[in-house]
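Data block below; observations after.
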Amino acid sequence: MNLLSPSVYLVGLVVGSGLVAIAEAVAAWHGVELSSLAVTVWPFLFCVLLVLWVIEDSRKHPEIYKPFEFDYLVLLWVIPYLPWYLWRTRRMHSVLILAGLLVLFWLDTLVRYAVLVMR
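If you count the sequence shown from 1, position 109 lands on 109 in this note's numbering, and the numbers rise without skipping.
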């Protein structure tokens with residue numbers, strides 16, 4: 001597997017979201033608030049990994065116009081650019097991919113509420 005492969009960044013998103021969700025679940029089960037550095041920094045790291053995935057994935061799609069400052073522009077405008085990029089590259093599958101990314105981003109919160117409801 002190529003180190004700069006887009007799949008590496010997707011694996012990082014899934015593994016990181018899973019680890020933070022597990023930490024939140026354990027903390028919610030014991031009735032404490034989790035305030036570790038990993039949980040605090042994870043939303044920022046998620047966005048960085050997402051930007052890196054878009055940049056690497058766009059290299060495989062010649063139909064996407066990439067100006068000289070493409071990497072910087074994606075970093076600044078990843079939230080509005082992501083749905084457009086997914087639609088241009090994946091059409092109907094983009095809705096599922098975007099929904100999956102949103103679930104991954106909010107996974108720790110969803111797991112915490114699920115544990116609190118079950119408890």
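The beta carbon of each residue, even a glycine, is placed where N, CA and C say it ideally should be.
With 16 as the cutoff for other CB atoms within 10 Å, does residue i come out buried or exposed?
i, result
"A46", "It is Phe, not Ala, that sits at residue 46 in the sequence shown. Under this definition F46 is a buried residue."
"S7", "exposed"
"A99", "exposed"
"W42", "buried"
"L86", "buried"
"L96", "exposed"
"Y65", "exposed"
"Y122", "Past the boundaries of the shown model lies residue 122; the chain is included only from 1 to 119, so the question cannot be answered."
Considering Cα atoms alone, identify which of the options is closest to residue i.
i, options, result
"D71", "H61, V54, W84, K60", "V54"
"G12", "V51, S36, Y81", "V51"
"R59", "V20, T89, T109, V117", "T89"
"E63", "L37, L75, R91", "R91"
So residue i is in the alpha helix (DSSP H); what residue range does that whole segment cover?
i, result
"I55", "37-58"
"F68", "Segment: none, F68 is in no alpha helix (DSSP H) and carries neither H nor E."
Under 8 Å between the Cβ atoms of residue i and residue j?
i, j, result
"V111", "W29", "no"
"V14", "L104", "yes"
"E69", "L4", "no"
"L107", "S35", "no"
"A27", "E33", "yes"
"L49", "Y81", "no"
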